[in-house]
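Report on the structure given below.
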Amino acid sequence: NRLPRERSWPQGRQNSGNSFVNSQEWTLSRSVPELKVGIVGNLSSGKSALVHRYLTGTYVQEESPEGGRFKKEIVVDGQSYLLLIRDEGGPPELQFAAWVDAVVFVFSLEDEISFQTVYNYYLRLCSYRNTAEVPMVLVGTQDAISATNPRVIDDSRARKLSNDLKRCTYYETCATYGLNVERVFQDVAQKVVALRKKHQLSIGPCKSLPNSPSHSSVSAASIPSVHINQATNGGGAFSDYSSSVPSTPSISQRELRIETIAASNTPTPIRKQSKRRSNIFTICATVSNFSSTKRPFQLLPN
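Residue numbers (this note's numbering): 6 to 307.
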């Protein structure tokens with residue numbers, strides 16, 4: 006299921022309401038990640054012609070005062086994305102600032118006012134959003150340059166402005182011939198994807214998963230202490246718990262008691278640990294020392 010093609014803009018001059026054709030829908034499937042790019046600039050910047058050339062491959066000189074919203078499926082680093090383009094008809098507002106993942110500032114190289122407007126729009130965006138988390142691209146359009154309309158913004162001024170805009174990338178484009186148009190949108194999309202990957206890497210190590218080394222080390226250290234405590238308090242609980250852990254060796258209560266005493270330096274003999282044995286064990290041991298010809302020893306009832 007491929008995305009429907011965007012409808013071409015009208016070639017002739019019509020009323021302002023029909024001069025800019027919006028996309029009928031923004032997305033087709035939530036399984037495709039979205040990249041939201043905002044385009045800002047005044048009516049003399051040439052931003053609408055830039056967007057139209059990118060979407061349709063044709064040039065239309067007319068600028069839309071209303072702006073518009075468009076979509077295009079692109080591929081970045083082998084992954085499909087739905088590029089949502091919002092051509093803003095005026096200065097960036099709060100809703101626009103909260104929506105965008107990246108911003109493209111556009112001015113015309115033959116128009117001083119459009120050049121000054123870019124920095125004013127940038128300051129306005131900064132009042133709504135932390136620009137450190139918003140990738141930016143600066144674009145100077147050449148389409149309006151002619152013999153009667155010479156270039157007034159030289160390269161040095163344009164690059165100084167790009168440095169003022171947190172050192173963003175600067176492109177000179179020509180929508181008439183398609184110069185650098187594709188590169189602008191591909192670059193801004195790449196910046197958004199790279200920023201998302203950076204955020205994911207910074208969040209990843211903070212997560213503590215059940216099979217992480219920290220959990221394994223804690224559980225391995227705690228199992229022996231639990232076994233010893235239960236063994237010293239009684240054999241029944243110890244045998245039940247050890248049977249549920251196959252990797253734990255089965256140790257009887259008597260062997261554990263003997264190993265514990267042997268490891269200590271106290272001179273207490275092991276025989277003293279048998280105080281709780283009943284008298285019948287002592288009696289049977291005495292009987293076994295008699296000769297077989299002697300009369301067996303008998304216990305009298307109380």
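Idealized CB from N, CA, C, for every residue including glycine.
- Apart from sequence neighbours up to five positions away, the residues of its chain that approach residue 196 with a beta-carbon distance below 7 Å are 107, 140, ordered along the chain.
- Exposure of residue 154 is indicated by the presence of fewer than 16 other C-beta atoms within 10 angstroms of its C-beta.
- Checking the DSSP bridge columns, you'll see residue 146 partnered with 113, 178.
- When DSSP reads this structure, residue 93 sits in a beta bridge with 72.
- Distance from residue 148 to residue 51 at the Cβ level is roughly 5 Å; contact confirmed, criterion being Cβ atoms closer than 8 Å.
- Assigned with DSSP and collapsed to three states, residue 36 falls in coil, not helix or strand.
- Taking residue 157 as reference, the option from 133, 112, 182, 168 with the minimal CA-CA separation is 112.
- The beta carbon of residue 81 is closer than 7 Å to those of 194, 195, 198 in its chain, skipping five residues each way along the sequence.
- Between the beta-carbon of residue 183 and that of residue 101 there is about 27 Å, and that puts the pair past the 8 Å contact cut.
- Under DSSP, no beta-bridge partner is assigned to residue 100.
- Rounded to whole angstroms, residue 59 and residue 205 show a C-alpha spacing of 30 Å.
- For residue 196, the enclosing alpha helix (DSSP H) begins and ends at 186-208.
- Annotation: the continuous alpha helix (DSSP H) that includes residue 160 extends over 160-169.
- Shortest Cα-Cα distance from residue 76 to any of 85, 64, 162, 90 involves 90.
- C-alpha of residue 166 to C-alpha of residue 151: approximately 23 Å in a straight line.
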